[in-house]
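Beneath this line is the structure, given in structure tokens, with notes to follow.
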Amino acid sequence: MTQAPEGGAREAAARLGQDTADLVRAEVERRRDDLMATVWRSSTALALFGGAAGCGLLAVAMGEVAVLRGLEKVMPRGRAALVLTTFHVASAVGLALAGRRAMERAGAAAQAALDKTSDDVRSARDEAASAGPDLPI
Numbered sequence: 010m011t012q013a014p015e016g017g018a019r020e021a022a023a024r025l026g027q028d029t030a031d032l033v034r035a036e037v038e039r040r041r042d043d044l045m046a047t048v049w050r051s052s053t054a055l056a057l058f059g060g061a062a063g064c065g066l067l068a069v070a071m072g073e074v075a076v077l078r079g080l081e082k083v084m085p086r087g088r089a090a091l092v093l094t095t096f097h098v099a100s101a102v103g104l105a106l107a108g109r110r111a112m113e114r115a116g117a118a119a120q121a122a123l124d125k126t127s128d129d130v131r132s133a134r135d136e137a138a139s140a141g142p143d144l145p146i
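According to the working numbering, the stretch in the sequence shown is residues 10 to 146, in order.
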């Protein structure tokens with residue numbers, strides 16, 4: 010029965026460590042690419058929403074003119090403008106609060122994804138470290 014030289018075991022352990030490190034790097038790269046693709050899709054969606062918001066703003070402006078003209082028939086012009094302004098301020102506050110809640114949820118989801126990736130990398134590093142003392146990490 011022949012024994013493998015001691016250097017052969019070290020070389021195998023070093024190759025295993027290098028392969029593990031390469032796999033970890035590839036996984037980190039894949040996650041980064043996935044994240045960048047998500048950001049790109051999100052930016053396109055945001056641009057489309059921006060265009061829709063511009064069109065919606067024009068429609069609201071025309072509607073506001075119509076409502077203001079209608080209110081001016083039953084109350085003085087200044088009071089009609091005050092009523093519409095109050096409505097717009099209340100709407101702005103409600104939308105801002107809803108937007109803040111949505112951003113908090115998005116931030117929590119992004120943090121969870123980052124934590125998962127960090128945990129995966131840490132686990133892979135720990136597994137590689139426990140495989141042998143001479144592994145490049």
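Ideal Cβ placement from N, Cα and C applies to all residues, glycine included.
Please tell me whether residue i and residue j are closer than 8 Å, where the distance is taken between their beta carbons.
i    : j    : result
V130 : V33  : yes
T126 : R39  : no
A111 : G26  : no
T53  : A133 : no
Helix, strand or coil for residue i, going by three-state DSSP, please let me know.
i    : result
V48  : helix
K125 : helix
V102 : helix
M112 : helix
G17  : helix
M71  : helix
V83  : coil
Pull up the CB-CB distance for residue i and residue j, whole angstroms please, since I reckon it's below 8 Å.
i   : j   : result
E81 : A68 : Wrong, their Cβ atoms sit about 21 Å apart, outside the cutoff.
Identify, in the order they occur along the chain, each residue of the same chain with its Cβ nearer than 8 Å to the Cβ of residue i, setting aside the five sequence neighbours on each side.
i   : result
L77 : A89, A90, L93
Take residue i and list the residues in its own chain whose beta-carbon comes closer than 6 Å to its own, dropping the five residues that flank it on each side.
i   : result
S51 : none
If you drop the 5 nearest sequence neighbours on each side, which residues of the same chain put their C-beta closer than 7 Å to that of residue i?
i    : result
E147 : This structure cannot settle anything about residue 147, because the visible part of the chain is limited to 10 through 146.
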